[in-house]
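Worksheet for the structure shown next.
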Amino acid sequence: MQYLKNPHLPTLLPDWPGNPHDGKRFRYLHEPFYPSYRKLLQWQFSPNPQRAEKKADDWAPAQASDFSYLEDKQQDCIAWLGHATFLIQLNGVRLLTDPIFNGLPFLQRRVELPFSLEQLTDIDYILLSHDHRDHCDKRSIMDLLKHNRPRKILAPLRLSNVISSWTGDIPVEEAAWYQTYHTEGVQITFLPTRHWCRRGLFDFNRVLWGSFLIRSGEKQIYFGADSGMGPHFEEIGRLFPDINYTMIGIGAYKPPYMMQEIHTSPADALEAFRQLGAQTLIPMHYGTYDLSDEPASEPYRDIQRHFREAGLPERLRLPKVGEGVKL
Numbered sequence: 000m001q002y003l004k005n006p007h008l009p010t011l012l013p014d015w016p017g018n019p020h021d022g023k024r025f026r027y028l029h030e031p032f033y034p035s036y037r038k039l040l041q042w043q044f045s046p047n048p049q050r051a052e053k054k055a056d057d058w059a060p061a062q063a064s065d066f067s068y069l070e071d072k073q074q075d076c077i078a079w080l081g082h083a084t085f086l087i088q089l090n091g092v093r094l095l096t097d098p099i100f101n102g103l104p105f106l107q108r109r110v111e112l113p114f115s116l117e118q119l120t121d122i123d124y125i126l127l128s129h130d131h132r133d134h135c136d137k138r139s140i141m142d143l144l145k146h147n148r149p150r151k152i153l154a155p156l157r158l159s160n161v162i163s164s165w166t167g168d169i170p171v172e173e174a175a176w177y178q179t180y181h182t183e184g185v186q187i188t189f190l191p192t193r194h195w196c197r198r199g200l201f202d203f204n205r206v207l208w209g210s211f212l213i214r215s216g217e218k219q220i221y222f223g224a225d226s227g228m229g230p231h232f233e234e235i236g237r238l239f240p241d242i243n244y245t246m247i248g249i250g251a252y253k254p255p256y257m258m259q260e261i262h263t264s265p266a267d268a269l270e271a272f273r274q275l276g277a278q279t280l281i282p283m284h285y286g287t288y289d290l291s292d293e294p295a296s297e298p299y300r301d302i303q304r305h306f307r308e309a310g311l312p313e314r315l316r317l318p319k320v321g322e323g324v325k326l
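The sequence shown begins at 0 in numbering that gives the first Met the number 0 and counts up one residue at a time.
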């Protein structure tokens, strides 16, 4: 077993050797888990107990109409652009996470970007959490680069092997967990998640996966990317106390035997939010694509119910697609 990290980046934990790698693939730090073809076949050939409810549920997230933040990078804000894509403006720096704006093969987008992609300019950094196609989309990245020349693309180890032919001469900086990228105006640290990588049949975990902590001054934002429940939420809360806003997935969690290892349900998201010790949750990874068995509106309804029952309704924000949440 070897341990990999970027020797040119500072490491948050002084004794962190890097992410374990067996010579072919990255290994998850804690109990190992692997996507199971048996479970996939079980899912595909088993009836969905919510089939009728899901078929009748045509809910989709609402779209905003005010995008004035696009004209003012000095306005600190977070705008959800659907799925796991966020435009984040902090200290005059404009960031974009896991950009995807279109449908995928056999996967229609249910809510469109409410402004033209040509309006999304002056991006300083693109943050890519892992290689799954709904988070690392060739068409969306290439379309963005027609109107943007970011300073860098910030990525996990080995992701440049996937994206280098899309990105031209834009620098791609790769990090292991607990490493901080070289950026200006904001500090961005790559952190763990419980997930995995694969784009084809034979490339399982050839690329690392993770999440991002973004900070400037007293403001801290945690982008949780794709993740199941794991010890990393408590650890990140200890390493970065007083996180102001966190974005955690609340969709693609049914059936549990297929999804719970890699995605959080609304109930999980509340627990992860508590473990992080964050002030406000902005949910993501719901309503944009049909990835699993739950009805479209269930995550949206259930996250509100869980926060209400926990006595925390004021700490949940559910912005419209394209709505800027001021920091």
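Glycine included, C-beta positions come from ideal geometry on N, C-alpha and C.
Limits of the alpha helix (DSSP H) - the one that residue i falls within
i, result
"Met-228", "From DSSP, Met-228 is part of no alpha helix (DSSP H); its letter is neither H nor E."
"Thr-182", "Careful: Thr-182 lies outside any alpha helix (DSSP H) and carries neither H nor E."
"Thr-279", "First-last for Thr-279: 279-283, but that is the beta strand (DSSP E), not the alpha helix (DSSP H)."
"Lys-137", "137-143"
"Ala-51", "50-55"
"Gln-303", "297-308"
"Glu-270", "265-275"
"Ile-162", "159-166"
Exposure of residue i, with buried meaning 16 or more beta-carbon neighbours within 10 Å
i, result
"Thr-120", "exposed"
"Leu-103", "exposed"
"Pro-9", "exposed"
"Gly-167", "exposed"
"Leu-69", "buried"
"Asp-136", "buried"
"Met-258", "buried"
"Leu-200", "exposed"
Contact set for residue i: own chain, Cβ-Cβ below 6 angstroms, skip 5 residues either direction
i, result
"Ser-226", "Thr-192, Arg-193, His-194"
"Asn-243", "Lys-218, Gln-219, Gln-278"
"Glu-52", "Pro-294"
"Thr-72", "One detail in the question is off: residue 72 reads as Lys in this sequence, not Thr. For Lys-72, where only same-chain residues beyond five positions count, the Cβ hits under 6 angstroms are Gln-88, Gly-91, Arg-93."
"Tyr-177", "Thr-10, Leu-11, Leu-12, Trp-15"
Opening and closing residue of the beta strand (DSSP E) in which residue i lies
i, result
"Trp-79", "76-79"
"Arg-93", "92-96"
"Lys-151", "151-155"
"Met-0", "Note, Met-0: premise wrong, no beta strand (DSSP E); not H, not E."
"Leu-212", "210-215"
"Asn-18", "18-20"
"Ile-125", "124-126"
"Thr-245", "244-248"
Own chain, CB closer than 8 angstroms to residue i, minus 5 neighbours either side, in chain order
i, result
"Gln-62", "Val-110, Glu-111, Pro-113, Lys-319, Val-320, Gly-321"
"Lys-325", "Gln-74, Asp-75, Cys-76"
"Gly-216", "Asn-90"
"His-29", "Arg-193, Gly-229, Pro-230"
"Arg-24", "Phe-203, Asn-204, Arg-205"
8 angstroms contact criterion, which residue i and residue j should meet: CB distance rounded
i, j, result
"Thr-279", "Arg-314", "5 angstroms"
"Gln-49", "Pro-294", "6 angstroms"
"Arg-214", "Gln-186", "5 angstroms"
"Phe-272", "Ile-247", "6 angstroms"
"Leu-212", "Tyr-221", "5 angstroms"
"Arg-93", "Asp-123", "5 angstroms"
"Ile-162", "Leu-144", "Not quite, the Cβ-Cβ distance comes to about 11 angstroms (not below 8 angstroms), so this is no contact."
"Pro-60", "Gly-323", "At roughly 15 angstroms, the Cβ-Cβ gap does not stay under 8 angstroms, so Pro-60 and Gly-323 are not in contact."
"Ala-224", "Lys-4", "That belief does not hold up - the Cβ atoms of Ala-224 and Lys-4 are roughly 19 angstroms apart, past 8 angstroms."
Chain-order list of residues whose beta-carbon lies under 7 angstroms from that of residue i (same chain, five-residue window excluded)
i, result
"Ile-302", "Ile-249, Pro-265, Ala-268, Pro-282, Leu-315"
"Leu-275", "Tyr-221, Phe-232, Ile-235, Gly-236, Ile-242, Thr-245"
"Asp-56", "Pro-294, Ala-295, Ser-296"
"Ser-164", "none"
"Asp-21", "Met-0"
"His-305", "Pro-265, Ala-266, Leu-269"
Residue-chain proximity (residue i, chain D), Cβ-Cβ < 8 angstroms
i, result
"Arg-157", "Given the protein chain composition of this structure (a single chain), no chain D is represented."
Inset, instruction - Taking 8 angstroms as the threshold, find out whether the segment 98-105 comes into contact with the segment 67-87 through three or more Cβ pairs. - result: Here the segment 98-105 makes contact with the segment 67-87; the two share three or more CB pairs at distances below 8 angstroms.
Inset, instruction - Assess, as a yes-or-no matter, whether the segment 246-253 is touched by the segment 150-164 under the definition of 3 or more beta carbon pairs within less than 8 angstroms. - result: By the Cβ criterion, the segment 150-164 is not in contact with the segment 246-253, since fewer than three pairs of Cβ atoms, one from each stretch, lie closer than 8 angstroms.
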